[in-house]
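K.L.:
Here the sequence shown is numbered in the working numbering, starting from -6 and rising by one per residue.
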Amino acid sequence: MWINGKLAWGTLDGLRHLENLRIVDGPRKISAADACNPGNSDDTYRATCGTLNQFIALGPLKVDVYEPLWQYLQSLGYSRSGEHRNLFLFPYDWRRSNFDTAADLDAFIKSRPELAGKEIDILAHSMGGLVSLIYATQYDAPSDPDGKCDFPRNCRVKTVITMGTPFWGSVTAVATPFLGWGRASRWLIGGTDTIIRTLMSWPSLYELLPTYENCCVSTDGPRPRSLNLLDPADFSALPLDLARHDISTEHVTDALKATAELRKIVEGGFPKHIRNATTCTGLPPEGFFIVAGDRNGTRQSVTIGAGKMLYVERRGDGTVTLRSATFGNPGGGFLSFMPHMSIFNDENAQAKLETILFRCEMGFNDFNGNVPTVEVGRQLGVSARIPIEFVSVELVEDNSVPDGFAAAGILSLAAPDDAVAPLALLSVKLNGAEIKRTEISSTSRRLDGSMTRFEYAVGSIKIEGEGRVDVELTFGNSGPTATDHITLLAKP
-6 MWINGKLAWG TLDGLRHLEN LRIVDGPRKI SAADACNPGN SDDTYRATCG TLNQFIALGP
54 LKVDVYEPLW QYLQSLGYSR SGEHRNLFLF PYDWRRSNFD TAADLDAFIK SRPELAGKEI
114 DILAHSMGGL VSLIYATQYD APSDPDGKCD FPRNCRVKTV ITMGTPFWGS VTAVATPFLG
174 WGRASRWLIG GTDTIIRTLM SWPSLYELLP TYENCCVSTD GPRPRSLNLL DPADFSALPL
234 DLARHDISTE HVTDALKATA ELRKIVEGGF PKHIRNATTC TGLPPEGFFI VAGDRNGTRQ
294 SVTIGAGKML YVERRGDGTV TLRSATFGNP GGGFLSFMPH MSIFNDENAQ AKLETILFRC
354 EMGFNDFNGN VPTVEVGRQL GVSARIPIEF VSVELVEDNS VPDGFAAAGI LSLAAPDDAV
414 APLALLSVKL NGAEIKRTEI SSTSRRLDGS MTRFEYAVGS IKIEGEGRVD VELTFGNSGP
474 TATDHITLLA KP
């Protein structure tokens, strides 16, 4: 995050100067800070900047944050930049209210010509899931009283995947203003007062407060009583001393009202057009999926008394409890055993991401045993998924270069006249080790009766050595795929 042209978050200096992130007279509405370096106008940088890919701790010491997730998605066929961009990062100023951020997300989606008239999948981590919920409810849900969709004006979101989202809030939002991120962080920042003064100026922190039953108990009084932190009187039981930290009590009341509004949206859940999305023919309607952390000690409740706070831990990702991340239904989510900030680095969670994002292709090809399909773009209409007749690939010698080979492929299907040939991914391996991987376009098309044959070719593939050579031509993120192989013998 960049404030006044300077990097304010993403390095150790961000902790040293945490108060630079304070909202004066907060919590209140502010304009969003820059998510990218305002001095860098490079298109490639602008297409991929803004998220915390790595946290620079000390000089060369870097801690990966989101970069492994981007790399995994790219391995599935997604692209963050270029002509075939289909992965859009939405960085935002996480200090602001989630309602403001949801409005920004709506503007972001509308501003991208590549997304015009298309369905959208949303993958949201942590608080981003709350942003997605507000967006889906207030900006993408049908405006028709009968709930009928009017695509593409609304009902564009077909899939939402949340990872470690605190739908019911998190006790961490109560603990962090006092504890920071550990003893070393408190020393580095300059003490608890600086942390309270900064964090309590953010509207977003109030929207993360825990609101589930028995999350918070006060023992100040004749008997213990459960607290509703969205009630300003109960909220004042937290030993924050807001006046001393220049936190506006009037703005705190407004922030608590916004949080109460958010909780009503949470109670309603994601709109029906997402929960009952009929995205995949032959599969049950479903468009909302949860990945939740487990097996990490996570603060679930807090007892407040005599100016002290005591915590009880239960299962979760270390920040968000399993119950909060799953709307109170732990059996309804896929599990990750990694901590909150790396919840998506769990191999099981990544496998679930793939099966969710490509559930139509995998369900159609793997389970129904029907003819495989491939998505084909159109010049005059929306893209369509069309059954294929066959795919093939052949590896032959290319005498124009020493040790050269060429690959020729065919995709045959009943395509409309304005069909745009899909890209293909070519992979060549020698004894199991990949030596070439490239995306190729169709070189020609011809009619064969009622079928259209798209032809693909790439030459000058240099293969040195001996053994088994495998070539694979894949259309789409999960097939169909054609393969061929030859055996190279040592030259006499």
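In this text, a Cβ means the ideal position worked out from N, Cα and C, and glycines have one as well.
Over the uninterrupted alpha helix (DSSP H) stretch that includes Phe228, give me the two end residues.
P.N.:
225 to 228
K.L.:
Tell me the DSSP secondary structure of Ser72 in three-state form.
P.N.:
coil
K.L.:
Where do the N-terminal and C-terminal ends of the alpha helix (DSSP H) with Leu350 fall, by residue?
P.N.:
Start and end: 340 to 350.
K.L.:
Report yes if the C-beta distance between Thr467 and Thr476 is below 7 Å; otherwise report no.
P.N.:
Going by C-beta atoms, Thr467 is not nearer than 7 Å to Thr476.
K.L.:
To the nearest angstrom, how far is the alpha carbon of Glu487 from that of Phe330?
P.N.:
With the chain covering -6 to 485 only, the question about residue 487 has no answer from this structure.
K.L.:
Whose C-beta lies closer than 6 Å to the C-beta of Glu12 among residues of the same chain, with five residues either side of it excluded?
P.N.:
If we look at Glu12 and ignore the five residues flanking it on each side, its Cβ neighbours are Thr187, Thr191.
K.L.:
I need the straight-line Cα distance from Arg316 to Tyr304, nearest angstrom please.
P.N.:
Answer to the nearest angstrom: the Cα atoms are 17 Å apart.
K.L.:
Note down the Cα distance separating Thr296 from Leu233, rounded to an integer number of angstroms.
P.N.:
15 Å
K.L.:
Which residue wins for smallest C-alpha separation from Gly425, given the options Gly262, Arg288, Thr480?
P.N.:
Thr480
K.L.:
Mind listing, in chain order, the continuous alpha helix (DSSP H) runs of no fewer than 4 residues lying wholly within the region 258 to 284?
P.N.:
Segments of the alpha helix (DSSP H) lying fully in the region 258 to 284: 265 to 268.
K.L.:
By the three-class DSSP mapping on this structure, what secondary structure does Gly214 have?
P.N.:
coil
K.L.:
Quick one: grab the DSSP three-state call for Asp359.
P.N.:
Residue placement at Asp359 is poorly supported in this model, since its pLDDT is 46, which falls under 50; the coordinates are not used for a value here.
K.L.:
Is Arg88 helix, strand or coil when you go by DSSP?
P.N.:
coil
K.L.:
Is the beta carbon of Val413 less than 7 Å from the beta carbon of Gly370?
P.N.:
Going by C-beta atoms, Val413 is nearer than 7 Å to Gly370.
K.L.:
Could you say which of Arg446, Ser437, Ile428, Gly442 lies nearest to Ile454 if we only look at CA atoms?
P.N.:
Ile428
K.L.:
Under the three-state reduction of DSSP, which class applies to Arg439: helix, strand or coil?
P.N.:
strand
K.L.:
Taking 7 Å as the limit between beta carbons, can you name the residues of its chain near Tyr71, skipping five residues before and five after?
P.N.:
Asn79, Leu80
K.L.:
How many Å lie between Val164 and Thr445 at the Cα?
P.N.:
Cα to Cα, the separation comes out at about 59 Å.
K.L.:
Which residues does DSSP pair with Phe447 in a beta bridge?
P.N.:
Leu404, Arg438
K.L.:
Please report the residue range of the alpha helix (DSSP H) in which Thr191 lies.
P.N.:
Here the alpha helix (DSSP H) through Thr191 covers 185 to 192.
K.L.:
Straight-line CA distance for Arg9 to Gly3?
P.N.:
11 Å
K.L.:
Let's test the definition: count the other Cβ atoms within 10 Å of the Cβ of Asn33 and tell me whether it reaches 16, buried, or not, exposed.
P.N.:
exposed
K.L.:
What did DSSP end up calling Pro380 once you bin it into helix, strand or coil?
P.N.:
strand
K.L.:
Under the three-state reduction of DSSP, which class applies to Ile479: helix, strand or coil?
P.N.:
strand
K.L.:
In this structure, how does DSSP classify Met334 when only helix, strand and coil are distinguished?
P.N.:
If DSSP states are grouped into helix, strand and coil, Met334 belongs with the helices.
K.L.:
Quick check on the DSSP output: the beta strand (DSSP E) that includes Ser488 runs from which residue to which?
P.N.:
Because the chain is modelled from -6 through 485, residue 488 falls outside the range shown and cannot be assessed.
K.L.:
With burial defined as no fewer than 16 other Cβ atoms inside 10 Å of the residue's Cβ, what is the status of Gln67: buried or exposed?
P.N.:
exposed
K.L.:
Identify whether Asp463 lies in helix, strand or coil by the three-state DSSP scheme.
P.N.:
strand
K.L.:
How close, in whole Å, do the beta carbons of Gly442 and Asp391 come, if the pair is a contact with beta carbons under 8 Å?
P.N.:
So it is not a contact: roughly 31 Å between Cβ atoms.
K.L.:
Under the assumption that Thr312 contacts Gly157 (Cβ atoms under 8 Å), give the Cβ distance between them as a whole number of angstroms.
P.N.:
7 Å
K.L.:
Counting pairs of Cβ atoms below 8 Å between the region 283 to 293 and the region 255 to 273, do you hit three or more?
P.N.:
no
K.L.:
Note the first and the last residue of the continuous alpha helix (DSSP H) segment covering Arg307.
P.N.:
Arg307 -> not in any alpha helix (DSSP H); beta strand (DSSP E) instead, spanning 301 to 309.
K.L.:
Kindly indicate which residue of Ala28, Gly298, Ala134 has the alpha-carbon position closest to the one of Lys(-1).
P.N.:
Checking every option, the nearest Cα to that of Lys(-1) belongs to Ala28.
K.L.:
Once the 5 residues before and after Phe83 are set aside, which same chain residues still bring their CB inside 7 Å of it?
P.N.:
Leu98, Phe101
K.L.:
For Pro135, collect the residues of the same chain with a Cβ closer than 7 Å to its Cβ; drop the 5 residues on either side in sequence, then sort them by chain order.
P.N.:
Hits under 7 Å: Lys141, Cys142, Asp143, Asn147, Cys148, His266.
K.L.:
Figure out for me which residue from Ala1, Leu423, Thr431, Ser405 has the closest Cα to the Cα of Ala417.
P.N.:
Thr431
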